[in-house]
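**Q**
Residue numbers (this note's numbering): 246 to 699.
1) What is the DSSP secondary structure of residue 555, reduced to helix, strand or coil?
2) Is it buried or exposed for residue 695, if we count other Cβ within 10 angstroms and need 16 for buried?
3) Given residue 452, which residues of its chain have a CB within under 6 Å of its CB, disregarding the five upstream and five downstream residues?
4) Quick check on the burial criterion: 16 or more other C-beta atoms within 10 angstroms. Buried or exposed for residue 641?
5) Which residues in the same chain have their Cβ closer than 6 Å to the Cβ of residue 611, if we skip the five residues on either side of it in sequence?
6) Return the CA-CA distance between residue 262 and residue 464, expressed in angstroms with no decimal places.
7) Quick one, which of 535, 613, 419, 428 has its alpha-carbon nearest residue 505's?
8) Using the Cβ count rule (16 or more neighbours within 10 Å means buried), how would you classify residue 689?
9) Out of 544, 442, 477, which has the shortest C-alpha to C-alpha gap to residue 486?
10) If you draw a straight line from the C-alpha of residue 540 to the C-alpha of residue 546, how long is it?
11) Name, in chain order, the residues that DSSP records as bridge partners for residue 416.
12) Spatial neighbours of residue 552 within its chain, please: CB distance less than 7 Å, with the 5 preceding and 5 following residues excluded, ordered by chain position.
13) Which residue marks the beginning of the beta strand (DSSP E) containing residue 605, and which one marks its end?
14) Report buried or exposed for residue 619, applying the criterion of at least 16 other Cβ atoms within 10 angstroms of its Cβ.
15) Quick one, which of 683, 286, 279 has its alpha-carbon nearest residue 256's?
16) Would you mind stating whether residue 291 and residue 325 have Cβ atoms separated by less than 9 Å?
17) Which partner residues of residue 438 appear in the DSSP bridge assignment?
18) Is the distance from the Cβ of residue 440 to the Cβ of residue 529 below 9 Å?
19) Looking at the structure shown, is residue 712 part of a helix, part of a strand, or coil, going by DSSP?
20) CA-CA distance, residue 259 and residue 442?
21) Leaving out five residues on either side along the sequence, give the residues of the same chain with a beta carbon under 8 Å from the beta carbon of residue 361.
22) Does the distance from the C-beta atom of residue 249 to that of residue 419 stay below 9 Å?
Written out as structure tokens, the structure is:
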């Protein structure tokens, strides 16, 4: 039987949520540590309805939160799910939903029916929409449903599997962990410089669909990559416990460095499979993605590779999602040129309790935005109270200003008749030629003096 592993902090958080009025709910963030065993990393209460109730209360309307599972807003839950997926590192996923109540018991059949209906609607909203960052563990697509009652001090866990008829539940065990998890941190700087062709020949192209195609191409490319850890190729079947025993860090909180090597594309095919096609535009993704993931001793090095790949894709998808959310119209004309600066990634500790290698989540802020944006998002989405000092904002740098200048944009215009000249580069080239000329003159003078004045 599958099991869900909870810590004392998780139980304390469920107790706290149960003490609030009405019925509270939120998302479960965790990791699949082994087959059919899920480790809960964080529980985040949904705060969206709290804000709506507060706003309505200011309008002298007497409202209260949901009193039963049937009253839960699946749209609010889907919004939180998507936002939390964007903030999770690649080693963790939003894996389910929890509900808490001070007085209710959740073991009856009516609760199961209402929970199935809620999860079925949630599944349809998340996975039928054009959402880039919705994370699902592909090896374990089942969703966890956790119900905790403060009256009985009991937690009921079930695994939900979606189908056309509304889905089904399978029982799960709830296990409690007394000892804190020892986490190993792996980080990678992935340099991205890819060009993806656009084959759509319509006058107005759906840019969101093209981004989806680019992400799928990136996923295929990363799946064929090789990963080195500390510049050494490793066996993916090796357990992380055994790897850590042979590669002890001199500093306790020092992270392992991972490097991804992509296959050479021209070597993947023979000359008979090469195709020449016309395309109507391109998408170029360029920059450096900083990736950081956390693994337990029960993971393997194959899991590490998969988590790093997931984190790179998720980080890229999150930036694309932020970009597309700001579009008033997803359609663009096929003769337009757009240069956009994506937001950079900042990290913050999940718990500032002084533990070794604390888990960090991330958020994305644009140039000119203050880290207070990440503080507000952490509170609204993850129900975390963090300070500005807790935010690590220097792991990804800002691009050069000249990349997004008017000169750069003019140089890439297709119909430009008089290209602009970059005076700085031109001056540098002239000085380089002048230096070579002076050197040649000095050399000729030296030869002349040597022969005529021995």
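Glycine included, C-beta positions come from ideal geometry on N, C-alpha and C.
Nothing here was measured: the structure is a model prediction, and the numbers come from that model.
**A** Quick answer:
1) helix
2) exposed
3) 575, 577
4) buried
5) 588
6) 38 Å
7) 535
8) exposed
9) 544
10) 9 Å
11) 403
12) 335, 336, 538, 540
13) 605-610
14) buried
15) 286
16) yes
17) 531
18) yes
19) The structure shown has nothing for residue 712, since the chain only spans 246 to 699.
20) 49 Å
21) 405, 411, 412, 413, 414
22) yes
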